[in-house]
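Asker: For what it's worth, our numbering labels the leading residue of the sequence shown as 10, then goes sequentially.
In this text, a Cβ means the ideal position worked out from N, Cα and C, and glycines have one as well.
If you're wondering where the values come from, they're calculated on a predicted model, not measured in any experiment.
The structure that follows is given in the form of structure tokens.
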Amino acid sequence: MDQELNRIQLQLDRHQSQIGKLFSKIDDTNKCILKINTSLMQIKWGVYGALLYYFVTQIGIIEAVRLAL
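Below, the structure is given as structure tokens:
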């Protein structure tokens with residue numbers, strides 16, 4: 010009976026260690042996802058800025074304001 014309890018305790022300890030490692034990997038993955046999201050937002054706003062610059066230079070600033078209103 011004691012051997013069985015010791016074996017179960019060892020399995021429990023190993024599982025706790027594995028669960029801790031998995032949560033650590035989840036945290037690392039979440040950080041990477043946040044960095045990717047930040048990069049995508051920068052790309053999105055860069056495209057918006059490029060489009061705005063294109064319209065202002067091609068149409069003219071007065072016409073761009075008139076079209077926006």
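When DSSP labels each residue in this structure, what does residue 50 get in the three-state scheme?
Answerer: Helix at residue 50.
Asker: How big is the Cα-Cα spacing for residue 28 and residue 50?
Answerer: Those two C-alpha atoms are separated by around 33 Å.
Asker: Roughly how many angstroms separate the alpha carbons of residue 44 and residue 78, rounded to a whole number?
Answerer: Rounded to the nearest angstrom, the two C-alpha atoms are 36 Å apart.
Asker: In its own chain, which residues sit with a C-beta less than 6 Å from the C-beta of residue 53, not counting the 5 before and 5 after it?
Answerer: Nothing listed; no residue qualifies.
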